[in-house]
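Following: one structure in structure tokens, then a few remarks.
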Amino acid sequence: MKLFKTIKNDPKKRSVAIGMLAALILIAIIASCIIASISRKASEGTGGDSGSVETPDTEGSIAVFNPTDDTQSIQPENTEANNSEETLTPIDVSGINGLNYVSLGDGTCSVDGIGTCTLTQIELPTYSPSGDKVVKLGDGAFSNCKTIVKISIPASVRTIGTGVFRGCTALSEINVSGDNPVYCSVDGVLFSKDKSVLICAPMNISVTSYLLSTEVKAIAAFAFEEGSKITGLLYEGNVNDFQKIEILEGNDYFKKISITLNYVPE
């Protein structure tokens, strides 16, 4: 307090004090400017934009931070190729729940029974639920099933056992994939691929008079059963041709059907 009174009462000392205060203020201003300049230069040296990275607008491009330039977007050499996914053909392993599948131990299987399946129209799968390829229908697989109306056989099936559809009184149609190399179907009737063997004429087929081609050389076991809707055969050949047809077991009814020989289709 004494010092302030002395400066106040002494004009010379007051002048010196004011000068020193002004000098200190000037020094502070200069120091502030120097610090600001240093900070600005440092900021410019590191990119001046806080190192922010913008997301590129183009899908598939890559945002790259550059310390000296603005944010850049670099396109891959082949964006389409990088984004594309390899297309794989899915394996249908859905199967049909309820059917009896029996593994053959080599990645394939046989359908050996209707099991608990209650479908009236069955489209047999190429693969079982466990992934085995369906290549066979076992002997009597669907025998005495009274509910099946239609059934479709895939290209994968290579063997159809004896009497697979025996006693299927409601069965009206059997269809085989056109890609199957062993079997085929004509108007709902099951044949070997070359049509030389008639394997099964469904019991509930929609016709009563069936046209039998001279291509047929054999009637498979249980192909024609008692109770079939077919009551007559229209045969394109003569009696000698007909007598050459091999008729296997279980076709007593076939021998009872009336036959029209030398039939000429309209």
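Heads up, the sequence shown is in the working numbering, so the first residue is 2 and it goes up one at a time.
C-beta atoms are modelled at their ideal positions from N, C-alpha and C, and glycine is treated no differently.
The Cβ-Cβ distance between Ala-222 and Thr-160 does not fall below 8 Å. Proximity of the segment 194-209 to the segment 122-140 falls short of the contact definition, fewer than three beta-carbon pairs being nearer than 8 Å.
Here Leu-125 carries a coil assignment [DSSP, helix/strand/coil].
Annotation: the continuous beta strand (DSSP E) that includes Asn-176 extends over 174-177.
Taking C-alpha positions only, Val-177 is separated from Glu-250 by approximately 24 Å.
One Cα belongs to Ser-210, the other to Pro-126, and the distance between them is close to 32 Å. When the Cα atoms are used, Ser-129 and Asp-253 turn out to be separated by approximately 36 Å. Proximity to Cys-146 across Asp-113, Val-158, Pro-155 peaks at Asp-113, based on C-alpha coordinates. Out of Gly-179, Cys-185, Leu-262, Ala-32, the CA that lies nearest to the CA of Leu-213 is found in Leu-262. Going by DSSP, Val-240 is part of no beta strand (DSSP E) but of the alpha helix (DSSP H) stretching over 240-244. Listed as beta-bridge partners of Glu-247 by DSSP are Ala-219. Classified as buried, Met-204 has 16 or more neighbouring CB atoms from the shown chains inside 10 Å of its CB. Shown here for Ser-259: same chain residues with a beta carbon closer than 8 Å to its own, the five before and five after excluded, namely Thr-232, Gly-233, Leu-234 in chain order. Residue pairing of Tyr-211 in beta bridges, as defined by DSSP: Leu-234.
Here Ile-246 has Val-217, Lys-218, Ala-219, Ile-220 as same chain residues with Cβ atoms under 8 Å from its own Cβ, once five neighbours each way along the sequence are excluded.
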